[in-house]
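What the sequence shown shows, in the working numbering, is residues 169 to 988, in sequence order.
Every residue gets a Cβ at the ideal spot worked out from N, C-alpha and C, and that includes glycine.
None of these values were measured; they are calculated from a predicted model.
Structure first, commentary second.
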Amino acid sequence: MMQTQTKVPTFDKAAFQASVEQHLLVTYAQTPATATSRHWYLAMSRALADISTGNLIETEQQLSDQSCRSVNYLSLEFLIGRLTGNNLISLGLYEQVSGAMAALGQNLTDLLEEERDPALGNGGLGRLAACFMDSLAAQEFPAVGYGLHYEYGLFRQSFDHGRQMEAPDAWRGQEGYPWEVLRPELNQKVGLYGHVEVYTDDAGAERRRWVPGMQVDGNAWDLPIIGYQNNSVYPLRLWECRAPAPFDLALFNDGDYIAAQQAAIQAGSVTKVLYPNDNHEQGKTLRLMQQYFHCACSVADILRRHLAAGHAIEDLAKLETIQLNDTHPTIAIPELMRILLDEHFMSWDDAWSVCNSVFAYTNHTLLPEALETWSESLIANLLPRHLEIIFEINHRFMDLVEAKWPGNDEVKRKLSVIQEGNQRMVRMANLCVIGGYAVNGVAALHSELVKRDLFPEFDALYPGKLQNVTNGVTPRRWLKFCNPALSALIDEKIGTDWPAKLEQLSSLADFADDAEFQHAFMAVKKANKQRLADWVADNMGITLNTDAIFDVQIKRLHEYKRQHLNLVHILSLYHRLLNDPKFDMQPRVFIFAAKAAPGYALAKDIIFAINKVADKVNNDSRLAGKLKVVFIPDYRVSLAEIIIPAADVSEQISTAGKEASGTGNMKLALNGALTVGTMDGANVEIREEVGDDNIFIFGLLVDEVMELVQTGYQPTRYYESDSLLKASLDLLLGDTFTPGEPDALAGIRHNLLEGGDPYLVLADFADYVTAQERIDHAYRDKAGWARKAILNTALVGKFSSDRSIRDYVENIWQLKAVKR
Ligand code: OX2
169 MMQTQTKVPT
179 FDKAAFQASV
189 EQHLLVTYAQ
199 TPATATSRHW
209 YLAMSRALAD
219 ISTGNLIETE
229 QQLSDQSCRS
239 VNYLSLEFLI
249 GRLTGNNLIS
259 LGLYEQVSGA
269 MAALGQNLTD
279 LLEEERDPAL
289 GNGGLGRLAA
299 CFMDSLAAQE
309 FPAVGYGLHY
319 EYGLFRQSFD
329 HGRQMEAPDA
339 WRGQEGYPWE
349 VLRPELNQKV
359 GLYGHVEVYT
369 DDAGAERRRW
379 VPGMQVDGNA
389 WDLPIIGYQN
399 NSVYPLRLWE
409 CRAPAPFDLA
419 LFNDGDYIAA
429 QQAAIQAGSV
439 TKVLYPNDNH
449 EQGKTLRLMQ
459 QYFHCACSVA
469 DILRRHLAAG
479 HAIEDLAKLE
489 TIQLNDTHPT
499 IAIPELMRIL
509 LDEHFMSWDD
519 AWSVCNSVFA
529 YTNHTLLPEA
539 LETWSESLIA
549 NLLPRHLEII
559 FEINHRFMDL
569 VEAKWPGNDE
579 VKRKLSVIQE
589 GNQRMVRMAN
599 LCVIGGYAVN
609 GVAALHSELV
619 KRDLFPEFDA
629 LYPGKLQNVT
639 NGVTPRRWLK
649 FCNPALSALI
659 DEKIGTDWPA
669 KLEQLSSLAD
679 FADDAEFQHA
689 FMAVKKANKQ
699 RLADWVADNM
709 GITLNTDAIF
719 DVQIKRLHEY
729 KRQHLNLVHI
739 LSLYHRLLND
749 PKFDMQPRVF
759 IFAAKAAPGY
769 ALAKDIIFAI
779 NKVADKVNND
789 SRLAGKLKVV
799 FIPDYRVSLA
809 EIIIPAADVS
819 EQISTAGKEA
829 SGTGNMKLAL
839 NGALTVGTMD
849 GANVEIREEV
859 GDDNIFIFGL
869 LVDEVMELVQ
879 TGYQPTRYYE
889 SDSLLKASLD
899 LLLGDTFTPG
909 EPDALAGIRH
919 NLLEGGDPYL
929 VLADFADYVT
939 AQERIDHAYR
949 DKAGWARKAI
959 LNTALVGKFS
969 SDRSIRDYVE
979 NIWQLKAVKR
């Protein structure tokens, strides 16, 4: 792998090797003679972490000494992926460490495969947080990431006769994760349950305070976020929940050893496992505990830093801003209010003005099932003082609404933080909009819909508060690291600055018609397809033809993402290949990877169906190898790193209006895949950048979707009038794909017909088929396809997360870069 490097400290090979061997012996009790590859990977990573921890502490000190304004990114998820390979690139040490390890008889590429992905997130939302931390560090905008130290990350997925099975993901392994460092001096105490006490202070004023019924410890684990070749290292601080030590001594002395341990058992479960839902909330008590624990530790740590640096509490908003990644950390708002009111004795107005200039909120979804509400009784029980504060916030807010819309109860009902009903619910998104100074959507279209459909009255009440920041992805992981061959080709053409300045890729457009460059570009694509084909052969025993179109849909399994639309299209190809002698197609490999939430039955049925269709299609000699279907198990960041560089076609086929942004769409286009997609999320902006000729757009527009639904959508009409659609859906009946198990796939057909097809799969089918035919046709023209692929890579520089972060910095956070 070729990696260039610039601003990097001198590398002392002998000292590094000595450090690796020292860790091998002292940390892992191995000698070079006894060590396995895994031991070598661990020892090497520890030796590297020693370097980055030094830089982390120095960066922290510098930022504190210079009173630098920073952003605190609060997120319940950080889907960081493997760190060692990426950190080697950021440190600019890839080549040197590869050489140093080779001299110890170790192959770096093999060692990197020993790392298990830290899967501390579900999908796009968590991965975005990871890309943002990378871009903050790359551009040296002072930042701390705050998350949770889950003992188990997102479940591991396997297939049993085609059905998804889940297993726990102990991501740290038995030896612990080599990049994390425990910071006991930063530990926090967190209360839960209890009651509110009213008392009179020394000045005779009546005051309120929370008396928690239980207390837990928050232990701080820091992971280093290493700036790209700049020596700045920021912390990703993950909180782990533990019972306070010593545990209940009285009980212990009474001889009730087991009861004495109960607190430890209860506290230990708070950060035990990541909730495996994407775009869906469940309202479980343990989840609210996680959210509050996360916010309490993080807010306390932010205040600790602020006060330790000698600043006044009133000046908090001058030095700190807190970005809430979706509503999951909303409870940070009443938590900060509580501390300012009850512990710093600020007046309501003063406390509220601090809060109001500290918090900003990112909305990631319009899906009603993902908009969080918490039952009032649940909050009353777990966080009684916070509920009082929420009521007071709402009471004062209702006065504001009354002033703006006198006597209008309907608008009050709509905007209130409290949703009335049998069970009163607290609307977290409303609290975020009211409690912060900025709200943003994650793509232009999505942000427009937030203003037009979700929060029109808030937009009227607070002009300018609702904004857009289009998402992005880090070019370091998603091009330089995952696609070294393409990176080397780009380096040759335009130099080596592009990983920090992705707009520079646009000059590649000059070579889009250059036959030699086209040839080199497609040769890289072919080699990446071979790398993926080898992985599939080794791990799944399926042989793939790398001349075929590699058509990729990788993302969480969700009805709105419409993996079933892709499936119905595959069924239509199968039908035509077998029944229409005139039908011809370019060989195609359909590649899927996706996890379904364990409780999401239809999503699991779709996985099962795709697996069953794959079994049949892949072994049907009548198809002459034209059609293959592969569902790669256990989708994760490290698999995306192999699949994305190998893709020819990127499936971005959500129902218009449902996918807020998408970020896989950006990664795939960056690596030269052509998008087939709806006018949804960031697809709209990708089309703007690459031009209509280099993307395959199909399907209903947002307003057409809304109109069709309002006028009474009838999927059966499409079924009855489109013979190809009918034939394709009817293939789901009987036992074509499930021998001996008739109608095992009929549930999907039922959902699409009698079930009303809530995501308009049938309405978009015909246009999707046409778009796929255009792709088939375009692929036959080798030079034409190469041109389109090159232009995709060249023209998506906008989607660097460096640009997203600059948008946040300039329009929301108002930070200054601090160079080391
Ligand atoms: C996801 C959105 O579904 C996706 O469209 C977006 O690209 C990503 O967040 C990052 O902004 N949970 N996951 C998401 O939203 C929620 C809620």
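Hey, residue i and residue j are a contact pair by Cβ (cut 8 angstroms); roughly how many whole angstroms apart?
i    : j    : result
W378 : S213 : With a Cβ gap of about 42 angstroms, W378 and S213 do not count as contacting.
W339 : P286 : 5 angstroms
F776 : G330 : 5 angstroms
S818 : V720 : 6 angstroms
E625 : K729 : Wrong, their Cβ atoms sit about 30 angstroms apart, outside the cutoff.
V607 : Q635 : 7 angstroms
N275 : E488 : Incorrect: roughly 45 angstroms between the Cβ atoms, too far for contact.
What do you reckon, is the C-beta of residue i under 6 angstroms from a heavy atom of the ligand OX2?
i    : result
E449 : no
A217 : no
S829 : yes
G604 : no
G292 : yes
L156 : This structure leaves residue 156 out entirely; the chain is present only between 169 and 988.
V569 : no
N608 : no
D302 : no
A538 : yes
D494 : yes
N636 : no
L550 : no
L296 : yes
N707 : no
N639 : yes
Using the beta-carbon count (16 or more within 10 Å), is residue i buried or exposed?
i    : result
A182 : exposed
K633 : buried
K572 : exposed
I989 : Residue numbering for the chain in the displayed model covers 169 to 988; residue 989 lies beyond these limits and cannot be assessed.
E475 : Per the sequence shown, the amino acid found at residue 475 is Leu instead of Glu. Label assigned to L475: exposed.
A297 : buried
E909 : exposed
I433 : exposed
L613 : buried
A217 : buried
H363 : exposed
M333 : exposed
Identify, in the order they occur along the chain, each residue of the same chain with its Cβ nearer than 6 angstroms to the Cβ of residue i, setting aside the five sequence neighbours on each side.
i    : result
V757 : L712, A716, F718 and K796
L419 : A427 and A428
S220 : P392, I394 and V401
H554 : P502
G291 : D446 and R724
K956 : L842 and N862
M170 : Below a pLDDT of 50, predicted positions are generally treated as unreliable, and M170, at 41, falls in that range; the measurement from the model is reported next regardless. Contacts found: A656.
E540 : E449, T495 and M596
D697 : It should be pointed out that residue 697 corresponds to Lys in this sequence rather than to Asp. Cβ within range, chain order: T714, F718 and A814.
E319 : K440
So, at 7 angstroms on beta carbons, what are the nonlocal neighbours of residue i in its own chain, with the 5 sequence-adjacent residues on each side left out?
i    : result
E671 : G965
G341 : R284
I973 : F300, S303, L304, Q307 and F309
A985 : Q307, E308 and F309
L247 : A287, L288, G289, G294, R295, A298 and V805
K780 : G330, F905, T906 and L913
Excluding the five sequence neighbours on either side, which residues of its own chain have a C-beta within less than 8 angstroms of the C-beta of residue i, listed in chain order?
i    : result
L893 : V736, S740, Y886, Y887, L930, F933 and A934
D518 : E482 and L508
I958 : L676, A677, F679, A680, F685, Q686, F689 and G840
R942 : F864
Give a single yes or no on whether residue i has its beta carbon closer than 6 angstroms to a heavy atom of the ligand COA.
i    : result
H532 : The ligand COA is not part of the structure shown, which contains the ligand OX2 as its ligands.
Next item on the list: Scan the stretch 446-489 and note each continuous alpha helix (DSSP H) run of 4 residues or more that stays entirely inside, going in chain order.
Entry: Complete alpha helix (DSSP H) runs here, min 4: 453-476 and 484-487.
Margin query: My parser needs the beta strand (DSSP E) runs of 3 or more residues fully inside the stretch 486-510; what are they?
Written below: Whole beta strand (DSSP E) segments, 3+ residues: 488-493.
Check: Where are the beta strand (DSSP E) runs, 3 residues long or more, that stay fully inside the stretch 541-568, in chain order?
Finding: Runs of the beta strand (DSSP E) inside the stretch 541-568: 541-543.
Next item on the list: Please go through the stretch 774-814 and give each complete alpha helix (DSSP H) segment of 4 or more residues, from N-terminal end onward.
Entry: Every unbroken stretch of the alpha helix (DSSP H) spanning 4 or more residues and falling wholly within the stretch 774-814 is given here in chain order: 805-811.
Notebook entry, point to check: Quick one: complete alpha helix (DSSP H) runs, 4+ long, within the stretch 291-360?
Noted result: Counting only runs of 4+ residues, the alpha helix (DSSP H) found wholly inside the stretch 291-360 occupies 292-306, in chain order.
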